[in-house]
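Peer 1: Here it is, the structure in full.
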Amino acid sequence: MTVERWDDDRLDRLASMVESNARVIQALANAAAEAREERQEILQLIAQQQASIDRQQEEIRGLQTENRRLIDSILNQRDRPEDNPTN
Numbered sequence: 000m001t002v003e004r005w006d007d008d009r010l011d012r013l014a015s016m017v018e019s020n021a022r023v024i025q026a027l028a029n030a031a032a033e034a035r036e037e038r039q040e041i042l043q044l045i046a047q048q049q050a051s052i053d054r055q056q057e058e059i060r061g062l063q064t065e066n067r068r069l070i071d072s073i074l075n076q077r078d079r080p081e082d083n084p085t086n
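Sequence positions in the sequence shown follow numbering that gives the first Met the number 0 and run 0 to 86.
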């Protein structure tokens, strides 16, 4: 088994790689944190849009109900002979 010498040059290169790796790890951690924040903002936007869609659907349902009542009222008036002058 061979024993490698750890000379100053080799130690310097190793220290340089360790520093480089530390910078990369920090950059990745920063990017991950930024991605989490962006995801959170997107999820909040989606929630706001869903709430808006829910309100619009409720309004549409109300309008549909009102339309059905009006149509029923019109049809009932047409079907009553005393209110229909053509009979």
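Positions of the beta carbon are idealized from the N, C-alpha and C atoms, including for glycine.
Values in this document were obtained by computation on a predicted structure and should not be read as measured data.
(1) So, helix, strand or coil for Arg67, using DSSP?
(2) Determine the direct distance from the alpha carbon of Gln43 to that of Arg67, and round the result to whole angstroms.
(3) Looking only at its own chain, which residues have a Cβ that is under 7 Å from the Cβ of Ala87, when we skip the five neighbours before and after it?
(4) With DSSP as the reference, label Glu3 as helix, strand or coil.
Peer 2: Checking against the coordinates, here is how it stands:
(1) Along the sequence shown, read from residue 1 onward, the residue named residue 67 stands at position 68. Helix, per DSSP.
(2) As a first step, residue 67 is located in the sequence shown; it is residue number 68 there, counting from the start. As a first step, residue 43 is located in the sequence shown; it is residue number 44 there, counting from the start. Going by the C-alpha atoms only, they are around 36 Å apart.
(3) Any question about residue 87 goes unanswered here, given that the chain covers just 0 to 86.
(4) By one-based count along the sequence shown, residue 3 stands at place 4. In this structure, Glu3 counts as coil in the three-state DSSP scheme.
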